[in-house]
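Notes for the one structure printed next.
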Amino acid sequence: MDNNRRNIIVIKIGNSGSVLLIVMMIITVVLSIALSRNEKLLTYYNELTSLQDTQQGYIYCISALKGITILLERDTNRYISDKDTFAMAQVIPTEHGNISITVIPLDSKISILGLLSNNKDIAERTKGAIVNLIPDINDIYLIDLAKKEEFFSLEALQYSGIKNEKRKEIGFLTVENTGGRININFVEKKVLKAYLPEIESAADEIINYRKEKPFKDISQIRNVPGITDSGYLAIQPYITVESSIFYVYVEALVKDSKTSISAIIKKDKSGKVEIIKYFEKPNELYMYNAKAEKSIIK
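Below, the structure is given as structure tokens:
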């Protein structure tokens, strides 16, 4: 009897140990699954949070873009300069980051459409300036490109035979129609010297003059030391102090998420402003030389 009881007890103890082992294994598996699910949930949460931050960034960017169009519509001056509110690079703080805005008048660039101008002087001046700024450029390809109505952005010029180290020079150009005139309140020194060789020697004086006193009328450039009457008459048809087409770059930082958009906006003679091109993944080609020259970004 004792032996049988011992056997029964051993069996019972053995069964209890097996059950305990199985329970522990189940708990381990359950914990592993729970931890795995928690990790996935945490990943999903982080992804969702990042998407929310990105979405908030886009909302900020679009709101800022609309704000710029309103400022431009309200601006009734017959001239623009880097002292205008809309033209100043701005960083606006937000609850979880900031918004930076840059507006670049494209009348300060050389339009490749000038190559097709019926005005022979504009066509030759445009070609000469482009080759001067970017010697490696394939001007034949550029003319063919300008003839196509479907090209949309400045990136198209990246395939015009320019060496990699010179690609940032594309920022001196634009694919928008500027009418062959350069805004003397914004034009960068290299562009001024290339497009207006008649007053090349006075380029530094022009830049220094406008820093203190923006040109309100093109005739005021005659006040700059070194500008002769003959020089002024030679450049008069190709300069302006007005701008009607702008590149706007907006970047929003929300926590660790960075979002950016850009657009081309146009202001007609009645003062109405509209967005004619919009980019959610902007190329910063227009920004290179604006930063380098500090003509807009302070």
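Count along the sequence shown from 1, then add 23; that gives the number in the numbering used here.
C-beta atoms are modelled at their ideal positions from N, C-alpha and C, and glycine is treated no differently.
- Annotated as proximal: isoleucine 157 and glutamate 192, with beta-carbon spacing under 8 Å.
- Burial is judged here by how many other beta carbons sit within 10 angstroms of a residue's own beta carbon; glycine 137 has at least 16 and is buried.
- By the 16-neighbour rule on beta-carbons within 10 angstroms, glycine 294 is exposed.
- The C-beta separation of serine 280 from threonine 77 comes to about 5 Å, placing the pair in contact by the 8 Å criterion.
- When secondary structure is reduced to three states using DSSP, tyrosine 102 falls in the coil class, being assigned neither helix nor strand.
- Beta-bridge analysis with DSSP links valine 273 to Ile124 and Ile284.
- In the structure shown, threonine 117 adopts extended strand secondary structure according to DSSP, grouped into three states.
- When Ile250, Asn231 and Tyr272 are compared, the shortest CA-CA separation from isoleucine 91 is found for Tyr272.
- In this structure, isoleucine 205 lies away from valine 198, with their beta-carbon atoms at least 8 Å apart.
- Aspartate 130 sits buried, since 16 or more C-beta atoms from the chains shown fall within 10 Å of its C-beta.
- Shown here for tyrosine 81: same chain residues with a beta carbon closer than 6 Å to its own, the five before and five after excluded, namely Thr282 in chain order.
- Judged by DSSP secondary structure, valine 214 falls within the alpha helix (DSSP H) whose first and last residues are 212 to 218.
- Under DSSP, threonine 263 forms a beta bridge with Asn206.
- For glutamate 265, same chain residues with a beta-carbon under 8 Å away, outside a window of 5 residues either side, are Arg101, Tyr102, Ile103, Asp130 and Asn206 in chain order.
- Across the set Lys304, Lys236 and Thr263, the C-alpha of Lys236 shows the shortest separation from the C-alpha of lysine 106.
- Sequence-distant partners of alanine 257 (beyond 5 residues in either direction) whose C-beta falls short of 7 Å from its own C-beta, in its chain, are Glu221.
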